[in-house]
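So the sequence shown is residues -28 to -1, 1 to 309, counted in mature numbering (1 follows the signal peptide of the UniProt record, and there is no 0).
Backbone N, C-alpha and C fix where the C-beta goes; we use that ideal spot for every residue, glycine too.
Since we're looking at a predicted model, the values are computed, not measured.
Here is the structure we will look at.
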Amino acid sequence: MRKAMSAGAAVASAVFLLSIFPSTGANAAQTLAQVQAQVNRLEEDATEAAEGAQEAKVKLAALTRSLAGIQAQAAIQGKTVDAISKTLGVIAVNQYKSGTLSQSLELLFSSDPALYLSSAGSLEAITRRKSTQLRKFQSAEQQLNATSLTVSDRLAQVKVLQTKLAERSAFAQRKLAQAELLLSKLKKEDRERLAKLAEDRENADQASSLVAAKAAAGVSGRSGIALKYALKQIGDRYVFGAAGLTTWDCSGLTMRAFQSAGVSLPHSSAAQSRMGKSIPFGQKKPGDLLFFGRPVSHVGIYLGGGRMVHAPRSGSRVKVAESNSLGRKPLVAVRRF
């Protein structure tokens, strides 16, 4: 049996709780049910925020790679500008050495017209070269200025994403802390009851999930490989930002599952929802990815028969569940890879 859930997510079902502990009394039972509902909502909010942090992290990584490329381009362009500038300096010196009198005056005072005409040709060549290099210098300088502006823009975007990542991560942690605080206000015996109930519920879900996993036996192709990989993780705990090998968040699980099938996906449900082929809801097949929430904040792999395998939320474990079990998070997209 896999390790049971943490005390921070100790409540799984108010209806089940009330049926198990009717002797608690109406007022006390109502209080426990209210606490459970609040804790579940806080954990869901935390999980949603964590997925928002993952999306920011994915975007930040892509932006950082782009920035590095642009900075390297700016460095090359800077060297080009410096090289052309030095060439112009050499041209200027040569032109100075060739003399400053006009060609007509030099011809008038020249004692050797043939020698002068040869020098004049060299001077004209230097002038043409200078003009060409000036045009190159101006073009290179414009390119460098444009690239520098792009670098500044990317740096500003990086700062915004870093701030969003920190904010979403902190928000998720605050929600979990609020859930823990609510639980800490319960009597010791109530906390123990809830912890035991939650552990029993997770164990029951794990047992039924292992039975349901047998339905994937006939699924082939890349989707089948990904689905079977995810099903092998049944019972593993949910952890923010985790992508295996023993703890997972929702998009970490789907990312690794499809990676095992040779499909590269980012570690973000929102980012994954923009990839693959869009499938009408009524045509989904086992192995398709199901996306939930507006904006997208959860993903699971369709098993068939209205069920999916997913890493639900903090305090829970990887399991097979009904694909319409996410309550306020509707199914918004189906993608096939």
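If you follow the beta strand (DSSP E) that residue i is part of, which residue opens it and which one closes it?
| i | result |
| --- | --- |
| Ala305 | 303 to 308 |
| Leu261 | 261 to 264 |
| Lys291 | 291 to 294 |
Which residue's Cα is closest to the Cα of residue i: the options?
| i | options | result |
| --- | --- | --- |
| Lys291 | Ser181, Pro252, Phe264, Tyr201 | Ser181 |
| Pro252 | Ser297, Val304, Ser241 | Val304 |
| Leu133 | Lys31, Ala18, Val271 | Lys31 |
| Gln43 | Leu116, Gln205, Asp260, Ile56 | Leu116 |
| Gly278 | Ala293, Ser288, Arg140 | Ala293 |
| Lys131 | Arg13, His239, Leu35 | Leu35 |
Based on the DSSP output, what are the partners of residue i in its beta bridges?
| i | result |
| --- | --- |
| Thr219 | Arg209 |
| Ala9 | Paired residues: none, contrary to the question. |
| Ile273 | Leu261, Val281 |
| Ser250 | Arg307 |
Use the C-beta contact count for residue i: other C-beta atoms within 10 angstroms, 16 or more gives buried, fewer gives exposed.
| i | result |
| --- | --- |
| Gln26 | buried |
| Glu15 | buried |
| Val268 | buried |
| Glu164 | exposed |
| Gly207 | buried |
| Gln255 | exposed |
| Pro302 | exposed |
| Leu4 | buried |
| Arg300 | exposed |
| Phe309 | buried |
| Gly287 | buried |
| Ala149 | exposed |
In the DSSP assignment, find the unbroken alpha helix (DSSP H) run with residue i in it and report its ends.
| i | result |
| --- | --- |
| Arg279 | Not the alpha helix (DSSP H): Arg279 falls in the beta strand (DSSP E), residues 279 to 282. |
| Leu158 | No alpha helix (DSSP H) holds Leu158; DSSP gives it neither H nor E. |
| Leu237 | From DSSP, Leu237 is part of no alpha helix (DSSP H); its letter is neither H nor E. |
| Lys200 | 193 to 203 |
If you check the beta carbons only, do residue i and residue j fall under 8 angstroms apart?
| i | j | result |
| --- | --- | --- |
| Val281 | Ala202 | yes |
| Thr273 | Thr226 | Reading off the sequence shown, one finds Ile at residue 273, where the question assumed Thr. Contact flag set, yes. |
| Leu262 | Ser223 | no |
| Ser245 | Arg307 | yes |
| Arg285 | Thr19 | yes |
| residue 375 | Ile197 | Here the chain has residues from -28 to 309 only, and residue 375 is not among them. |
| Gly276 | Ala187 | yes |
| Val11 | Leu158 | no |
| Lys147 | Ala283 | no |
| Ala112 | Gln49 | yes |
If you measure from the beta carbon of residue i to each beta carbon in chain B, is any gap under 8 angstroms?
| i | result |
| --- | --- |
| Leu116 | This model lacks chain B altogether, as it is built from one protein chain only. |
Cβ of residue i within 7 angstroms of any heavy atom in the ligand FMN?
| i | result |
| --- | --- |
| Gln145 | Among the components modelled here there is no ligand, and therefore nothing to report on the ligand FMN. |
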